[in-house]
Amino acid sequence: MNNHTNTSWGQRALRHARILTESTPGRGSATRLETQAAVYVHTQLREMGYDVQQQPFIGLRSIWFFLSLVFGLAMLGHLAGAFLASTLGDWPAWGVRALLFGFAFYLMWRKFAFQPVPLRASLPQGSSLNVIAVAPAAQAPRRRVVINAHLDSHRAVIWFASDILVQIYAFCTPLAIYGLLAAPLLYALRLWSGLPVFSWLGSALGVLHFLVWFTGLTADLGAYSPGANDNASSLGVLLTLAERLRHEPLPETEVWLVATGCEETGCDGMVTFLNHHAEALQDAFFIDLEVTGIGDQMAYVAAEGVVQAQRIAPDLAAYLQSLDVRPLSLAHIGAYTEMGVVWRRGLSGACLMSKPSDTHLIPEWHRLTDTPDKLQPEALQRIHDLVWRILQAPPENA
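Read in order, the letters of the sequence shown are residues -6 to 391 in this note's numbering.
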């Protein structure tokens, strides 16, 4: 396959992304269209000659219903004082409120530490799957690399509809989350000091928590994003890398190719994959492909996390910067990727993206305008070339 032009892999990735977006628009987590996208990836890999496995699991359908549960508990905490103080007394009523806020924060922490969550059975779930293939090394493998990209797309919630709204979302997200801990403290200070200002501040958090609860309750009434950049673009890059590996096997590197389900609702697909394969991949290097189809700058996720920030290893950051890949933090907007699951398991890897060099925002993130006409073959080509270069690196360099 050495006769391809420099742009051919980008054009091929664009073709896959276009087919996926147009044939499975709005690939909601654990939905029929997500499964159809998995079938497309499976079929393409099988036609390339791979032995393809499907890994079924039960995944969460909506992250927003989970958030409505969490912030519904918070709303009970805000409202409980007025109803319970007259019967229980001020401080016992505060104790009930503190328990409600504390449990809400505990649910958030468990979910975004990618751990089993109490009350999950009360949330909508459905059948999902991962698609897995392995490109063997030409010789005895000295290392393994896992390349993953998720199949599903997110609801086009109003808070992602413009750059200004995304910035408001980014500002409010940590306030809402850590407000779960701040609210009972403010209400305790009100009881201790008698100063009404603390009640006003607690009520302000109550307004914010109401907005999150209401968004969570209504988000799934809207449409899914078409999901061209997020994340059909990355599936296209994964498939072109798979094709190239069939014709240009690496001498001593075995490459696992994984298309995951339910990333948008908390990474159930990656959690399932690692639950089954983490021991065999303990020394592997993971490459998570996310939103790779727009922009003139390659980026790696330097930090991410909704409740607790996780950061890339410094030596790996230096390695990527030597390849002209720029750092991008998602922790400030309370975002996560599947790399967060990898890092939580103590494994090594990086999440790679494309973005315009003049912004720190993710292009077309969770928007109705995330359509194939926005994708740029040159951006897809750059990411393909970057991953291919990383695959050539000796184990000590990655």
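Even glycine gets a Cβ: it sits at the ideal position worked out from N, Cα and C.
For clarity, every value in this text was computed on a predicted model and none was experimentally measured.
* To do: Below 6 angstroms CB to CB, which residues in the same chain sit around residue 102 once its five sequence neighbours on both sides are set aside?
  => 300
* Could you check what DSSP says for residue 322 in three-state terms: helix, strand or coil? => It is a strand residue.
* Which of helix, strand or coil does DSSP assign to residue 110? -> coil
* Closest Cα partner of residue 310 within the set 341, 324, 22 and 78 -> 341
* Just the C-alpha distance for residue 52 and residue 227, rounded to the nearest angstrom, thanks. => 21 angstroms
* Asked: Do residue 287 and residue 369 have their C-beta atoms closer together than 8 angstroms?
  -> yes
* Nearest CA to the CA of residue 133: which residue from 355, 294, 242 and 386? -> 242
* Which stretch, first to last residue, makes up the alpha helix (DSSP H) that contains residue 43? -> No alpha helix (DSSP H) holds residue 43; DSSP gives it neither H nor E.
* Stretch pair the stretch 201 to 214 + the stretch 343 to 357: three plus CB contacts closer than 8 angstroms -> Segments in contact, no.
* What's the C-alpha gap between residue 30 and residue 383? -> 27 angstroms
* residue 137 - containing beta strand (DSSP E), residue span -> First-last of the beta strand (DSSP E) with residue 137: 136 to 143.
* Asked: If we ignore side chains and look at the alpha-carbon of each, how far apart do residue 106 and residue 116 end up?
  -> 18 angstroms
* Quick one: what's residue 50 bridged to in DSSP? -> Its beta-bridge partners are 121.
* To do: Would you check if there are 3 or more beta carbon pairs closer than 8 angstroms linking the stretch 147 to 158 to the stretch 262 to 271?
  => no
* Asked: Given 8 angstroms as the limit, is there contact between the stretch 40 to 56 and the stretch 87 to 96, that is, 3 or more CB pairs closer than that?
  -> no
* **Whether residue 126 touches residue 45 by CB criterion (8 angstroms)** => yes
* Asked: Quick one, which of 60, 169, 359 and 258 has its alpha-carbon nearest residue 200's?
  -> 169
* To do: Could you pull out every unbroken alpha helix (DSSP H) segment of at least 4 residues lying fully inside the stretch 300 to 370, listed in chain order?
  => 307 to 315 and 332 to 337
* Asked: Can at least three beta-carbon pairs, one atom from the stretch 256 to 266 and one from the stretch 312 to 332, be found at a separation below 8 angstroms?
  -> yes
* **Nearest-angstrom Cα separation, counted from residue 129 out to residue 364** => 34 angstroms
* Asked: To the nearest angstrom, how far is it from the Cα of residue 396 to the Cα of residue 180?
  -> Residue coverage of the chain in this structure runs from -6 to 391, which leaves residue 396 outside it and unanswerable.
* Around the C-beta of residue 146, are 16 or more other C-beta atoms found within 10 angstroms, so that it is buried, or is it exposed? -> The residue is buried, with at least 16 neighbouring Cβ atoms inside 10 Å.
* Asked: Given a threshold of 16 other Cβ atoms within 10 Å of its Cβ, counted over all protein chains shown, does residue 305 qualify as buried or as exposed?
  -> buried
* Using three-state DSSP, classify residue 170 as helix, strand or coil. => helix
* To do: Take the Cβ of residue 359 as the centre, count every other Cβ of all protein chains shown within 10 Å, and call the residue buried at 16 or more, exposed below.
  => buried
* Looking only at its own chain, which residues have a Cβ that is under 6 angstroms from the Cβ of residue 232, when we skip the five neighbours before and after it? -> 9 and 37
* Asked: Using the C-alpha atoms, what's the distance from residue 240 back to residue -6?
  -> With a pLDDT of only 42 at residue -6, under the threshold of 50, the placement of this residue in the model should not be trusted; the figure read from the coordinates follows. If I take the Cα positions, the gap works out to 6 angstroms.
* Cα separation between residue 324 and residue 131? -> Distance between the alpha carbons of residue 324 and residue 131: 39 angstroms.
* Any idea what DSSP makes of residue 161, helix, strand or coil? -> helix
* Applying the criterion that 16 or more other CB atoms from any shown protein chain within 10 Å of the CB defines a buried residue, is residue 280 buried or exposed? -> When all chains shown are included, residue 280 counts as buried.
* What are the start and end residues of each continuous alpha helix (DSSP H) run of 4 or more residues lying completely inside the stretch 230 to 298, in chain order? -> 261 to 270
* Compare the C-alpha of residue 355 against each of 70, 249 and 222 and name the closest. => 222
* DSSP state of residue 205, grouped into three classes? -> helix
* **Nearest residue (CA-CA) to residue 59, options 376, 42, 379 and 114** => 114
* Asked: Should residue 307 be labelled buried (16 or more other beta-carbon atoms within 10 Å of its own) or exposed?
  -> exposed
* **Option in 214, 357 and 112 with minimal Cα separation from residue 284** => 357
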